[in-house]
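Input: a single structure, listed below in structure tokens.
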Amino acid sequence: MLQDALATDAARIRACLDAHITGQTDLSAAMRHALAGGKALRGFLVMETARLHGIDPARAVYPAAGIEALHAYSLVHDDLPCMDDDDLRRGQPTVHIKWDEATAVLVGDALQSLAFELVLHPEGAAEANARAELGLRLARAAGQQGMVLGQALDIAAETAIAPLNLEEITSLQAGKTGALFGWAATAGAVMASADPVPLQNYAAALGLAFQIQDDVIDETGDEAAVGKAVGKDAAAGKATFVSLLGLEEAKRRASDLVDQACDSLSLYGEPAETLRHLARFVISRQA
Numbered sequence: 003m004l005q006d007a008l009a010t011d012a013a014r015i016r017a018c019l020d021a022h023i024t025g026q027t028d029l030s031a032a033m034r035h036a037l038a039g040g041k042a043l044r045g046f047l048v049m050e051t052a053r054l055h056g057i058d059p060a061r062a063v064y065p066a067a068g069i070e071a072l073h074a075y076s077l078v079h080d081d082l083p084c085m086d087d088d089d090l091r092r093g094q095p096t097v098h099i100k101w102d103e104a105t106a107v108l109v110g111d112a113l114q115s116l117a118f119e120l121v122l123h124p125e126g127a128a129e130a131n132a133r134a135e136l137g138l139r140l141a142r143a144a145g146q147q148g149m150v151l152g153q154a155l156d157i158a159a160e161t162a163i164a165p166l167n168l169e170e171i172t173s174l175q176a177g178k179t180g181a182l183f184g185w186a187a188t189a190g191a192v193m194a195s196a197d198p199v200p201l202q203n204y205a206a207a208l209g210l211a212f213q214i215q216d217d218v219i220d221e222t223g224d225e226a227a228v229g230k231a232v233g234k235d236a237a238a239g240k241a242t243f244v245s246l247l248g249l250e251e252a253k254r255r256a257s258d259l260v261d262q263a264c265d266s267l268s269l270y271g272e273p274a275e276t277l278r279h280l281a282r283f284v285i286s287r288q289a
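Counting from 3, one number per residue, gives the positions in the sequence shown under the working numbering.
This is the structure:
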């Protein structure tokens, strides 16, 4: 059931993205390459929380596609030699490997611009105020207060004298991973001018559980199945939730966070069951 819903929304989101990538240039080809694959979890959160608030999926798909464009930009830049220096992403060569570094930088730039174009698109949220609020929230979640700050802290940790402690790595991941989850999970409420706090609480627990599971996969996963290099953090001596907590305690912590995420949805009752299934899926995935 959840897998079918994920696949249906991912296809709709990719169709929206493809319709807004114009031309047949190296740039457009590389943008499409960067967007290929993946589960579109952040976009799905937008679609599902919009359904929860009675928003037409034909409108919700615009901010859903926007968050996927922004996430893809972050991955393209993350993979660059000056950042994480990865050759593989989602089982395919990274953009700077398939093309070159300059193209990868431009692809990231273009995807970031596309993200805001889609989030602010008049065919998205029906009310101009809601579109403006989505755009403002995304700028904050993506920039110096959110994802980019988290990446900066992650880079700084590579040369720090001592590995990060649990509080520091939790704060880092709240920006690097959690900020975009928070934006995506509250988008439906923002579109409907409803209270976003319960979904913000859901997203905070979900995003942290997601990152802990990422660390578990990095410790135990197979590169071919995961679609990217594994074990890099351990090899570099970087602190992770697994290195700080141990494998079994990290898994237990992720499970507790999923329970918290599900509990935060009590206000919505049965209509939020898909979001509960999504939270459980996040810590069962192996890629």
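Glycine included, C-beta positions come from ideal geometry on N, C-alpha and C.
Local conformation of residue i per DSSP, three classes
i, result
"leucine 122", "coil"
"cysteine 18", "helix"
"isoleucine 163", "coil"
"alanine 62", "helix"
"arginine 287", "coil"
"leucine 108", "helix"
"histidine 55", "coil"
"leucine 280", "helix"
"serine 257", "helix"
"isoleucine 23", "coil"
"methionine 49", "helix"
"leucine 72", "helix"
"alanine 42", "coil"
"alanine 127", "coil"
"aspartate 81", "coil"
"lysine 240", "coil"
"aspartate 11", "helix"
"aspartate 6", "helix"
"tryptophan 185", "helix"
Opposing strand residues paired with residue i [DSSP bridges]
i, result
"arginine 91", "Gln94"
Endpoints, the alpha helix (DSSP H) within which residue i is located
i, result
"tyrosine 270", "It is not in any alpha helix (DSSP H) - tyrosine 270 carries neither H nor E in the DSSP assignment."
"glutamine 153", "149–160"
"glycine 137", "130–144"
"glutamine 202", "199–222"
"alanine 196", "It is not in any alpha helix (DSSP H) - alanine 196 carries neither H nor E in the DSSP assignment."
"isoleucine 171", "168–175"
"aspartate 28", "28–37"
"leucine 247", "243–247"
Close beta carbons around residue i, own chain, < 7 Å, minus the five adjacent residues each side
i, result
"alanine 194", "His55, Gly56 and Ile57"
"arginine 287", "Gln215"
"lysine 41", "Leu8 and Ala12"
"aspartate 89", "Pro95, Thr96 and Ile99"
"proline 273", "Leu54"
"tryptophan 101", "Asp28 and Ala32"
"isoleucine 15", "Ala42, Gly45, Val63, Ala66, Ala67 and Glu70"
"valine 244", "Asp217, Val218, Glu221 and Ala252"
"glutamate 125", "Arg61 and Tyr64"
Sequence-distant residues of its chain with Cβ nearer than 6 Å to residue i (five each side left out)
i, result
"asparagine 203", "Ser266"
"alanine 307", "Residue numbering for the chain in the displayed model covers 3 to 289; residue 307 lies beyond these limits and cannot be assessed."
"cysteine 264", "Arg278 and Ala281"
"valine 121", "Pro65, Gly68, Leu136, Gly137 and Leu140"
"leucine 246", "Leu168"
"threonine 105", "Ala32"
"cysteine 18", "Val63 and Ala67"
"phenylalanine 46", "Leu8 and Asp11"
"histidine 123", "Tyr64"
Chain-order list of residues whose beta-carbon lies under 8 Å from that of residue i (same chain, five-residue window excluded)
i, result
"valine 260", "Ala207, Leu208, Ala211, Ala281, Arg282, Val284 and Ile285"
"leucine 4", "Thr276, His279, Leu280 and Phe283"
"glutamate 103", "Leu82 and Pro83"
query: How do the region 109–124 and the region 71–87 stand: do at least 3 beta-carbon pairs fall below 8 Å, yes or no?
result: Contact between the region 109–124 and the region 71–87 is present, because at least three Cβ pairs lie under 8 Å.
Quiz item: Do the region 14–26 and the region 150–170 touch if we need at least three Cβ pairs shorter than 8 Å?
Solution: Taking 8 Å as the limit for Cβ pairs, the verdict is that the region 150–170 does not touch the region 14–26.
TODO: Check whether the region 207–222 touches the region 244–264, taking contact to mean three or more Cβ pairs, one atom from each stretch, closer than 8 Å.
DONE: Taking 8 Å as the limit for Cβ pairs, the verdict is that the region 244–264 does touch the region 207–222.
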